[in-house]
Structures are given as C-alpha cells and as structure tokens.
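For the sequence shown, my numbering begins at 195 and goes up steadily by one.
Taking it in order: structure first as structure tokens, then the write-up.
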Amino acid sequence: AVTCPTRRSGSTQVLLDCIYLYRDFTSEAIRLLLPVTSLADSDQRLQSFIAAIILGLKHRFQGNIDHLEATVQEEPIPDTSLRKKYLILYDRVPGGTGYLKELGQSPQAMMALFEDAPSILQRCDCSDEPDKDGCYRCVYAYRISFDIPNLSRRTAIQYLTDLLQYQDKP
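Printed below as a string of structure tokens:
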C-alpha cells in the first residue's frame with residue numbers, strides 16, 4: 195500500500211512477518227437438524243441433550259471418545275426471522291476414526307443411540323437420590339463442566355423420550 199512505511203525498504207523480512215501458516219485436514223462429521231420448537235426456548239434442554247448423546251457415544255463405543263466433539267451450528271431461514279439449529283458431531287482425528295462413519299451408515303444406528311441414552315441415564319446411581327439431577331458418571335462430563343448449571347439428567351431423559359415418539363413418523 196502507498197501508506198505502508200516499509201514499502202520502499204525492499205526487505206523481505208516484512209513479508210515473512212505477514213505470512214500465517216495453518217493446518218487443514220479432512221475428517222468425519224454428522225450434522226443433525228434439531229427441532230426448532232422444542233429446543234429454541236431452553237438452553238437446558240439443548241445442553242442436556244448434547245450431554246446425553248455424548249454419554250450414549252461413550253457407552254456405544256466402550257471407551258475413550260475424547261476425539262469426538264459436539265457443537266451447535268445455526269443457519270438463518272431465508273425470508274424469516276427463524277434460524278435452523280444443527281447438532282454437529284465431528285472427529286478431531288484427521289481422516290476420522292470410523293466411529294461417526296459407523297453411526298452414519300443407517301438411520302437405525304443413530305436411533306439406537308437415541309434409545310440407549312435414556313436407559314443409561316435411568317440406570318445411573320444418582321437416579322436413586324431424589325435431590326440429584328445428574329452426576330459425573332452421567333451428564334456432568336468433564337469436557338462440558340462449564341455448563342453444569344444447564345445440565346439435567348431428568349430433562350435429557352424427558353427430551354429423548356419425547357423425541358423417540360416421532361421415530362416412525364415421516
């Protein structure tokens with residue numbers, strides 16, 4: 195630029211200071227459209243649902259799933275003030291580990307995850323204590339511990355049970 199003080203210096207060092215290196219890789223991901231009406235009004239429902247899905251993934255793959263992440267993506271719906279919400283499950287390992295590929299092979303695999311999660315939550319030891327609404331063995335996972343005030347075992351069970359009522363409907 196004309197206003198750049200080093201424009202006439204001829205030094206390549208300035209150019210090297212402006213180069214940024216980054217890493218790009220391909221991996222696996224699953225994007226699920228979330229029902230707008232049932233999650234729009236409650237952050238507790240959304241975070242509890244995500245915690246239940248992560249717990250279901252941990253039990254399904256029987257081990258460490260720290261390489262699997264979940265995030266929420268929003269897209270505007272054209273000509274409205276509404277937004278679509280997606281839950282994105284993705285693998286941080288370049289190329290993927292195959293876990294999400296296995297889940298994405300058939301709708302039955304994902305529905306099995308939705309069916310297993312409530313029963314896992316109901317079998318948790320904290321369900322015997324009426325004043326507890328979760329523990330570190332079920333919804334209070336370490337990697338989402340900053341959202342503990344928004345996590346509820348009962349809310350996750352209720353939401354997944356309601357969701358499963360519509361599995362046979364188009």
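Ideal Cβ positions, reconstructed from N, Cα and C, are used throughout, including at glycine.
Select from the options the residue whose C-alpha is nearest the C-alpha of residue i.
i, options, result
"Asp-218", "Gln-302, Tyr-360, Arg-286", "Arg-286"
"Arg-254", "Phe-340, Arg-277, Glu-263, Leu-297", "Leu-297"
"Leu-227", "Ser-275, Met-304, Thr-274, Leu-251", "Met-304"
"Ala-350", "Leu-249, Pro-270, Tyr-360", "Leu-249"
Distance, Cα to Cα, residue i vs residue j?
i, j, result
"Lys-279", "Val-196", "45 angstroms"
"Asp-356", "Ser-236", "15 angstroms"
"Lys-326", "Cys-318", "11 angstroms"
"Leu-315", "Cys-332", "6 angstroms"
"Tyr-216", "Leu-262", "21 angstroms"
"Asp-341", "Ala-335", "10 angstroms"
"Pro-324", "Thr-274", "43 angstroms"
"Gln-302", "Asp-310", "12 angstroms"
Residue i and residue j: beta carbons closer than 8 angstroms?
i, j, result
"Ser-221", "Gly-289", "yes"
"Phe-308", "Leu-345", "no"
Quick one: grab the DSSP three-state call for residue i.
i, result
"Arg-225", "strand"
"Gln-267", "strand"
"Tyr-216", "coil"
"Asp-237", "helix"
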